[in-house]
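K.L.:
Sharing a structure below in structure tokens format, with a few things to ask.
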Amino acid sequence: MESIEYKPPEYPTNLLDKNWSERKIIYWGVSEEFLKRVHDLEVFEDDVWLVTLPKCGTTWMQELLWLVLNDFDFEKAKAEHLEIRSPFLEFDYMVNSDMKTAFKPIENTKRPRLIKTHLCLPLLPRQLWNKKAKIVYVARNLKDAIVSDYYHMRNFDSSEDQGLEQFVRSEIESTDDTDMKFFHLTEFYALRNESWIFYTSFEQMKINLRQVLLDVCRFLNKTIDDETMTKMLKHLSFDEMKRNPKTNHLWEFQQIRDKYGMDQEKPEYNFVRKGKVNAYKEELSKEMVGKLDDWMDVNLKRYNTTLNELLLLDNETKT
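Just so you know, the working numbering puts 210 at position 207 of the sequence shown, and the rest follows in order with no gaps.
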């Protein structure tokens with residue numbers, strides 16, 4: 004996947020007091036034309052934008068949000084793929100590289116729209132700042148996210164599989180990747196108290212999904228009764244999500260297969276894999292875990308924060 008170097012235009016209002024037009028951003032799978040179009044996208048006040056880095060509990064939160072926004076319509080959720088109900092902003096362009104169709108999925112989505120994106124804060128539509136459409140951000144321990152991303156990417160091309168440890172090494176040795184990940188996280192963390200932004204973490208969802216669900220309902224001015232809460236917790240459980248074909252991105256995977264002529268005999272694609280906290284410790288050697296820890300510590304010091312702060316965890320919780 005080719006990368007581009009992009010300097011985002013300055014926003015009319017910037018709560019972080021940063022001149023993003025001076026920042027060099029390296030991004031993959033999109034074009035400068037696409038990013039400029041995103042900058043000028045029309046945003047509706049009843050939009051909800053779900054923003055995450057990849058493999059950070061995005062699908063889990065996306066299904067939760069869609070159900071809350073659509074009066075807990077479990078029947079429709081079980082009948083229609085999540086990525087049809089709630090489009091991934093970058094997906095069409097990443098697959099087809101066609102500006103004529105790139106924004107059709109979100110333009111054709113019924114309001115209130117739930118839009119998923121992995122774009123960082125400086126690349127999001129400028130209208131978000133004045134229309135104050137709702138944004139939900141989900142953080143995750145990057146050490147787990149990187150490992151999860153390896154297995155995700157292997158679904159698409161195993162011919163150049165370099166192995167997990169080399170993949171992790173390449174990720175943490177890339178200055179561009181590292182910078183992108185940390186300012187993606189820390190800038191939304193800095194805005195976590197804004198009334199139109201809901202900031203949580205994968206780890207918080209694992210600790211107390213009920214409370215996160217209650218907080219999301221409050222954020223979106225929705226109510227949930229005890230019976231519906233019970234249904235939601237079951238529907239959003241790991242086992243249910245893993246065996247639910249509508250939340251495993253099978254539709255997206257088929258689009259990629261069809262476009263690039265991937266092996267149709269490849270073993271069945273399964274998007275939901277482990278869903279565990281600190282699973283990286285089970286997957287990596289002690290040496291690589293140590294390198295990841297050092298990488299994390301060095302970069303957290305650059306941003307004057309801690310991992311537990313970013314994940315909304317108490318100081319005693321081990322990450």
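Positions of the beta carbon are idealized from the N, C-alpha and C atoms, including for glycine.
First and last residue of the alpha helix (DSSP H) that includes Tyr283?
P.N.:
Within the sequence shown, the letter at position 280 stands for residue 283. From DSSP, the alpha helix (DSSP H) with Tyr283 extends over 283 to 286.
K.L.:
Exposed or buried, which one is Asp261 when buried takes at least 16 other CB atoms within 10 Å?
P.N.:
Taking the sequence shown and counting its residues from 1, one reaches residue 261 at position 258. With fewer than 16 other Cβ atoms within 10 Å, it is exposed.
K.L.:
Going by C-alpha distance, which of Thr61, Ser24, Lys249, Phe186 is nearest Asp152?
P.N.:
In the sequence shown, residue 152 corresponds to position 149, counting from 1. Closest option to Asp152, Cα to Cα, is Thr61.
K.L.:
Could you give the DSSP three-state label for Leu92: helix, strand or coil?
P.N.:
For this step, residue 92 is matched to residue 89 along the sequence shown. It is coil, neither helix nor strand.
K.L.:
What is the residue span of the beta strand (DSSP E) that Ser6 lies within?
P.N.:
Walking along the sequence shown from the start, residue 6 turns up at place 3. Looking at the DSSP string, the run of the beta strand (DSSP E) that includes Ser6 is 6 to 9.
K.L.:
Would you tell me roughly how many angstroms separate the C-alpha atoms of Gln257 and Phe77, rounded to the nearest one?
P.N.:
As a first step, residue 257 must be located in the sequence shown, where it is residue number 254. As a first step, residue 77 must be located in the sequence shown, where it is residue number 74. Cα to Cα, the separation comes out at about 24 Å.
K.L.:
In this structure, does DSSP put Ile227 in helix, strand or coil?
P.N.:
Your numbering for residue 227 matches position 224 in the sequence shown. Looking at Ile227 - three-state DSSP - the assignment turns out to be coil, as it is neither helix nor strand.
K.L.:
When you compare the CB positions of Leu287 and Val171, do they come within less than 8 Å of one another, or not?
P.N.:
Numbered from 1 along the sequence shown, position 284 holds the residue referred to as residue 287. Numbered from 1 along the sequence shown, position 168 holds the residue referred to as residue 171. Yes.
K.L.:
Which residue's Cα is closest to the Cα of Glu66: Leu127, Pro90, Asn196, Glu48?
P.N.:
Taking the sequence shown and counting its residues from 1, the one referred to as residue 66 is at position 63. Out of Leu127, Pro90, Asn196, Glu48, Pro90 has the C-alpha closest to the C-alpha of Glu66.
K.L.:
Are the segment 179 to 191 and the segment 37 to 56 touching by the rule of at least three beta carbon pairs closer than 8 Å?
P.N.:
With a cut-off of 8 Å, the segment 37 to 56 and the segment 179 to 191 count as touching, because enough Cβ pairs lie within range.
K.L.:
Short check: CB of Leu212 to CB of Leu239, under 8 Å?
P.N.:
Within the sequence shown, numbered from 1, the residue matching residue 212 stands at position 209. Within the sequence shown, numbered from 1, the residue matching residue 239 stands at position 236. Contact flag set, yes.
K.L.:
How is Thr112 classed by DSSP in three states: helix, strand or coil?
P.N.:
Counting from 1 along the sequence shown, the entry for residue 112 is found at position 109. Thr112 falls in the coil class under three-state DSSP.
K.L.:
Is it buried or exposed, Lys321, if we count other Cβ atoms within 10 angstroms and call 16 or more buried?
P.N.:
Sequence index remark: in the sequence shown, residue 321 carries index 318 (1-based). Its Cβ having fewer than 16 others within 10 Å, Lys321 is exposed.
K.L.:
For Thr348, which three-state DSSP category applies?
P.N.:
A question about residue 348 goes unanswered here, because the residues of the chain that appear run from 4 up to 322.
K.L.:
Work out the CA separation of Asp242 and Trp69 for me, nearest whole Å.
P.N.:
What you label residue 69 is simply residue 66 of the sequence shown in a count that begins at 1. What you label residue 242 is simply residue 239 of the sequence shown in a count that begins at 1. The straight-line gap from Cα to Cα measures roughly 19 Å.
K.L.:
Check whether the segment 166 to 184 and the segment 107 to 116 touch, using three or more Cβ-Cβ pairs below 8 Å as the test.
P.N.:
In short, these stretches do not touch, since the Cβ pair count stays below three.
K.L.:
So, for Tyr96: in the same chain, excluding its five sequence neighbours on each side, which residues have a beta-carbon less than 7 Å away from its beta-carbon?
P.N.:
The residue given as residue 96 occupies position 93 in the sequence shown. Contacts found: Val33, Phe37, Ala105.
K.L.:
For Gly136, which residues does DSSP report across the bridge?
P.N.:
For the purposes of this step, residue 136 is taken as the residue at position 133 of the sequence shown. Reading the sequence as shown, one finds Ala at residue 136 and not Gly. Its beta-bridge partners do not exist; DSSP assigns none.
K.L.:
Report the CB separation of Lys137 from Val51 in whole angstroms; it is logged as a contact under 8 Å.
P.N.:
Residue 137 sits at position 134 when you count from the first residue of the sequence shown. Residue 51 sits at position 48 when you count from the first residue of the sequence shown. About 5 Å; that satisfies the 8 Å criterion.
K.L.:
Where does the unbroken alpha helix (DSSP H) through Trp63 begin, and where does it stop?
P.N.:
Walking along the sequence shown from the start, residue 63 turns up at place 60. Where Trp63 is concerned, the enclosing alpha helix (DSSP H) stretches over 61 to 72.
K.L.:
Can you tell me whether DSSP reads Ser198 as helix, strand or coil?
P.N.:
As a first step, residue 198 is located in the sequence shown; it is residue number 195 there, counting from the start. Coil at Ser198, not helix or strand.
K.L.:
According to DSSP, is Leu127 helix, strand or coil?
P.N.:
Locating residue 127 in the sequence shown gives position 124, counting from the first residue. Note: Leu127 maps to coil in three-state DSSP.
K.L.:
What number of angstroms, rounded off, separates the C-alpha of Arg88 from the C-alpha of Glu290?
P.N.:
Walking along the sequence shown from the start, residue 88 turns up at place 85. Walking along the sequence shown from the start, residue 290 turns up at place 287. Between Arg88 and Glu290, the C-alpha separation is close to 43 Å.
K.L.:
Nearest by alpha-carbon distance to Asp43: which of Leu72, Asn133, Glu5, Arg26 is it?
P.N.:
Here residue 43 corresponds to residue number 40 of the sequence shown, with the count starting at 1. Measuring from the Cα of Asp43, the nearest candidate turns out to be Asn133.
K.L.:
Measure the C-alpha to C-alpha separation of Tyr272 and Trp254 and round it to an integer number of angstroms.
P.N.:
On the sequence shown, residue 272 is found 269 positions in, with the first residue counted as 1. On the sequence shown, residue 254 is found 251 positions in, with the first residue counted as 1. Low confidence applies here, because Tyr272 scores a pLDDT of 48, under 50, leaving its location unreliable; read the following figure in that light. Distance between the alpha carbons of Tyr272 and Trp254 is about 11 Å.
K.L.:
Exposed or buried, which one is Thr203 when buried takes at least 16 other CB atoms within 10 Å?
P.N.:
As a position in the sequence shown, residue 203 is number 200, starting the count at 1. It counts as buried.
K.L.:
Who are the Cβ neighbours of Phe201 in its own chain at under 8 Å, not counting the five residues just before and after it?
P.N.:
In the sequence shown, counting from the first residue as 1, residue 201 sits at position 198. Here the set comprises Lys137, Ile138, Val139, Tyr140, Asp218, Val219, Phe222.
K.L.:
Buried or exposed for Ala82, going by 16 or more other Cβ atoms inside 10 Å?
P.N.:
Here residue 82 refers to the residue found at position 79 when the sequence shown is read from its first residue. Exposed, because fewer than 16 other Cβ atoms sit within 10 Å of the Cβ of Ala82.
K.L.:
Cα-Cα, which of Arg143, Tyr263, Pro248, Leu122 is closest to Gln207?
P.N.:
Start at 1 with the first residue of the sequence shown, and residue 207 comes out as number 204. Comparing Cα positions, the closest option is Arg143.
K.L.:
Taking the C-alpha atoms as reference points, what is the distance between Lys27 and Glu8?
P.N.:
Taking the first residue of the sequence shown as 1, we reach residue 27 at position 24. Taking the first residue of the sequence shown as 1, we reach residue 8 at position 5. If I take the Cα positions, the gap works out to 7 Å.
K.L.:
Quick check on DSSP: helix, strand or coil for Ser177?
P.N.:
What you label residue 177 is simply residue 174 of the sequence shown in a count that begins at 1. In this structure, Ser177 counts as coil in the three-state DSSP scheme.
K.L.:
Just confirm the distance between the C-beta atoms of Gly314 and Ile175, as a whole number of angstroms; I'd bet it's less than 8 Å.
P.N.:
Within the sequence shown, residue 314 is the residue found at index 311, counting from 1. Within the sequence shown, residue 175 is the residue found at index 172, counting from 1. In the sequence as presented, Gly is not what sits at residue 314; that position holds Leu. The Cβ separation is near 19 Å, so there is no contact.
K.L.:
For Leu117, which three-state DSSP category applies?
P.N.:
Indexing the sequence shown from 1 puts residue 117 at position 114. Leu117: strand per DSSP, three-state reduction.
K.L.:
Here's the rule: buried if 16 or more other CB atoms are within 10 angstroms of the residue's CB, otherwise exposed. What is Met64?
P.N.:
Here the question's residue 64 lines up with position 61 in the sequence shown. Counting Cβ neighbours within 10 Å, Met64 comes out buried, since at least 16 surround it.
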